[in-house]
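In mature numbering (1 follows the signal peptide of the UniProt record, and there is no 0), the protein residues as written are -24 to -1, 1 to 490. We put the beta carbon where it would ideally sit given N, CA and C, even for glycine. Values in this document were obtained by computation on a predicted structure and should not be read as measured data. Each remark here refers to the structure printed beneath this line.
Structure, rendered in structure tokens:
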């Protein structure tokens, strides 16, 4: 736990979710907006510490708040904001502090108490300062070459388009091809405002690695239809993309790699087992179990349009966050009642076990519902008949599902790509792998269970060039923790984890030096 007060004072701020405390006057209801910076001195034994709380109102009606204490080098520590009638409660699990306050009648002050175990309550008054206006945004050209490219995948004459970024200088530079997960993805792998491939390409290119990223078939500037593309088609597309890189003058053709996410990771491993494969592969959340097992575990059967955010995943993330906040509040309560560290650790461990059990129950239920439909598709050659049976099963399982949505799902589940993927065995050709391999999987992946990495590790146990890493707390798209998200136009935006990007970059550098 970080110290909020100077060590000379020997004063640690602890969370106390205490009863609401009265102040000298009874202010009116909280104003509609708290947005702004609230500054004031916190009285401590022997002096005071200036602090500030900055609040931003988000478009979804929630509030984002951070705490700064310059004297203690605490900068923008994340706070939760809870409004109960006229009372405002700011709380930081990270720092172990809370501020329970009311707003003054003129709206210019927050007045309340900051408490700690074993010490008297401390009155704290914060003065309002409006946030400065958002600066105009200027988009500067990146410090590397950017080229929109296209080529033809000769096996079915499909045009593929994308972006090639090359570091400054003459090179030759190592290069990577980025391969996306299931469903329609644009070249940036956009999900709402989160652009996994766009951010990754920028990071790697700034650090000396050229990057090629492509629109999926039927997305953006690429031709074809992603629904008709089988795993074999995707492998051929990747091989053509590698050959395209081999034609570029500033690319080191001996140092070509592939970074794939989900299905893209499995495509990368398949291509690496073939002639003229890549020198190295980074697998991000790749599957280690048969295709029908993977699809039965997916949170949704349907896929999104390119660039849309996954609402089901966002809802799951919000539920998990609420559970974490509830646990934090209970921990604070236990502290106020004198619980020791061992008791608190026991409670937190129990809550984590319950959450894992709830996740497993949800996964088992999803598997039980979806597996029978997939078996129908796998073993019914007549596509029309398979579609009719699946449609009937969907209607029985989900009576409230709109007819058009049920039909769309049944059509999708009998599409060529879906049929092919159900019968896909990801570890079949591992004996032919010669490339250096880095396989990463987040422990909080709710789309492709972390146990898939265990299966891959078992299948590659004799491969001396394979490395496996489990990344604690990361999801399927390797987002940074929320406290690391930047504020863009007044809203917190998810970003790719710097830890993950650095891990990939350092590993690539070792391969190209070797």
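Taking the Cα of residue 215 as reference, the smallest distance to any Cα among 237, 228, 248 and 186 is reached at 248. Measuring C-alpha to C-alpha distances from residue 308 to each of 442, 73 and 38 identifies 73 as the nearest. Beta bridge pairing from DSSP links residue 138 with 125 and 190. If you look at residue 28, you'll find it in the beta strand (DSSP E) that goes 23 to 33. Around the beta carbon of residue 246, a 10 Å sphere encloses 16 or more other beta carbons of the protein chains shown; the residue is thus reported as buried. The Cβ atoms of residue 444 and residue 415 lie closer than 9 Å to each other. Within the DSSP secondary-structure output, residue 41 pairs in a beta bridge with 31 and 55. The beta carbon of residue 430 is closer than 8 Å to those of 264 in its chain, skipping five residues each way along the sequence.
Under the criterion of beta carbons closer than 8 Å, residue 409 and residue 353 do not qualify as touching, at roughly 30 Å. Shown here for residue 13: same chain residues with a beta carbon closer than 7 Å to its own, the five before and five after excluded, namely 28, 30, 105 and 107 in chain order. Secondary structure remark: continuous alpha helix (DSSP H) runs of at least 4 residues inside the stretch 183 to 270, in chain order: 207 to 222 and 239 to 248. Pairing residue 119 with residue 226, the inter-Cα distance amounts to about 16 Å. Pairing residue 76 with residue 64 gives a Cβ-Cβ distance under 9 Å. The DSSP assignment places 149 to 155 as complete runs of the beta strand (DSSP E) inside the stretch 144 to 168, in order along the chain (cut-off: 3 residues). The shortest C-alpha to C-alpha distance from residue 21 to any of 133, 97 and 84 is the one to 97.
Boundaries of the alpha helix (DSSP H) harbouring residue 395: 392 to 398, taken from the DSSP string. In this structure, the straight-line span from the alpha carbon of residue 41 to that of residue 441 is close to 45 Å.
Counting C-beta pairs closer than 8 Å gives three or more between the stretch 230 to 239 and the stretch 249 to 260, which meets the contact rule.
The Cβ atoms of residue 137 and residue 194 do not sit closer than 9 Å to each other.
Here the alpha carbons of residue 202 and residue 372 stand approximately 29 Å from one another. Under the DSSP definition of a beta bridge, residue 445 partners with 416.
DSSP places residue 319 within a helical segment (H, G or I) once states are collapsed to three. Around the beta-carbon of residue 437, fewer than 16 other beta-carbon atoms lie within 10 Å, marking it exposed. Looking from the CA of residue 84, the closest CA among 217, 345 and 16 belongs to 16. Contact between residue 487 and residue 179 is ruled out by a C-beta separation of about 17 Å, above the 8 Å threshold. Excluding sequence positions up to five before and after residue 213, its CB lies within less than 7 Å of the CB of 129 and 136, all in the same chain and listed in chain order.
For residue 91, there is no enclosing beta strand (DSSP E), as DSSP gives it neither H nor E.
Separation of residue 268 and residue 350 (C-alpha to C-alpha, rounded to the nearest whole angstrom) is 7 Å. Relative to residue 145, the option among 181, 134, 158 and 131 whose CA is nearest is 181. The distance from the Cβ of residue 157 to that of residue 57 is about 34 Å, inconsistent with a contact at the 8 Å cut-off. In terms of CA proximity to residue 480, 260 leads the group 360, 87, 260 and 362.
DSSP, reduced to helix, strand and coil, places residue 17 within a strand of the structure shown. Looking at 210, 379, 378 and 323, the one whose alpha-carbon comes closest to that of residue 134 is 210. In terms of Cα proximity to residue 185, the closest of 151, 170, 171 and 127 is 151.
Going by DSSP, residue 102 is part of the beta strand (DSSP E) stretching over 98 to 105.
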